[in-house]
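Following: one structure in structure tokens, then a few remarks.
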Amino acid sequence: STARFCASLDSLLLRGCRPGKIVQMTEAEVRGLCIKSREIFLSQPILLELEAPLKICGDIHGQYTDLLRLFEYGGFPPEANYLFLGDYVDRGKQSLETICLLLAYKIKYPENFFLLRGNHECASINRIYGFYDECKRRFNIKLWKTFTDCFNCLPIAAIVDEKIFCCHGGLSPDLQSMEQIRRIMRPTDVPDTGLLCDLLWSDPDKDVQGWGENDRGVSFTFGADVVSKFLNRHDLDLICRAHQVGLLVLKSAGMRVGACVEPDSTHSLFFLFYLYYLSVLL
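In structure tokens form, the structure reads like this:
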């Protein structure tokens, strides 16, 4: 029943917000999170239109303790509104705790808490980089497939205050109109090429003009000229993205804004932006 699910959700959030080695969760609870959040993702646009104040966070990669630290710093929902830019799983030791807490908050506060898709929210990637093995070890392969069904419905990009374009990776040579993003049908896997692939995989490169080859072997790199044309064409001020270790995340014509923290020297790098300050900076 709905009441029973809500009670289970509150119980899970209570358990999840206490730092510890492992958060005890049942398979039924985890499956319920995937199914309910999937419904919410599909009920909301694939290109989100959001308003500040909003805190935007980059890759988490299974660093659960750091996720809790981030909430302690920025405020636990619903004290603050959040947009996460993807890559919740793989590499870190607690992908399950990480993604389950994020999905639980999405269900609890669907209009205040938003999750975009990263390139690791894709079966062919998280099959290799740790999430599959964690699901298999702690539960079973069937539950990993349930997560895949959920990830295939995540939104791809967001526009904040009609001025800030947010995605996990970057721009695409195929992207001429925002309507192209809106027309992407879900559920969908991430293809090897094309618009959806690029939004999750491409990287900016200050040494490139136009489009270049990507050392990842997937998608492209793009130069500052591409960024300027994109911003001008769509009347935007900034691109906000994640996907790389470094400060090149919030990008406008010749400008960088932001702060980065690398907790415990882990792979995970967080970017926390207070967008309601941006009007002062621009």
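Per the working numbering: the sequence shown = residues 52 to 333.
All C-beta atoms in this analysis are idealised placements derived from N, C-alpha and C, irrespective of residue type, glycine included.
Values in this document were obtained by computation on a predicted structure and should not be read as measured data.
Segment contact: the stretch 203-222 against the stretch 168-187, three or more CB-CB distances shorter than 8 angstroms; contact assigned. When beta bridges are read from the DSSP output, residue 262 appears opposite 273. In the structure shown, residue 280 falls within a helical segment according to DSSP collapsed to helix, strand and coil. Burial state of residue 185 is buried, judged by a 10 Å Cβ sphere holding 16 or more other Cβ atoms. Taking the Cβ atoms as the reference, residue 209 lies roughly 7 angstroms from residue 165, within the contact range of under 8 angstroms. Annotation for residue 174: the continuous alpha helix (DSSP H) segment containing it runs 174-177. Residue 113 is classed as buried because its beta carbon has at least 16 other beta carbons within 10 Å across all chains shown.
In the DSSP annotation of this structure, the continuous segment of the alpha helix (DSSP H) that includes residue 154 starts and ends at 146-159. Shown here for residue 87: same chain residues with a beta carbon closer than 6 angstroms to its own, the five before and five after excluded, namely 158 in chain order. For residue 100, DSSP records a beta bridge to 210.
Taking the CA atoms as reference points, residue 213 sits about 29 angstroms from residue 140. At a Cβ-Cβ threshold of 8 angstroms, residue 149 and residue 115 count as neighbours. Judged by DSSP secondary structure, residue 190 falls outside any alpha helix (DSSP H); it is assigned neither H nor E. Residue 136 is positioned such that its CB atom lies closer than 8 angstroms to that of residue 107. If you draw a straight line from the Cα of residue 278 to the Cα of residue 224, it is about 11 angstroms long.
Each residue's CA atom was taken as its position, placing residue 271 and residue 78 some 39 angstroms apart.
Counting C-beta atoms within 10 angstroms of its own C-beta, residue 143 has 16 or more neighbours from the protein chains shown and is therefore classed as buried. Within the model, the alpha-carbon separation for residue 82 versus residue 285 is close to 39 angstroms.
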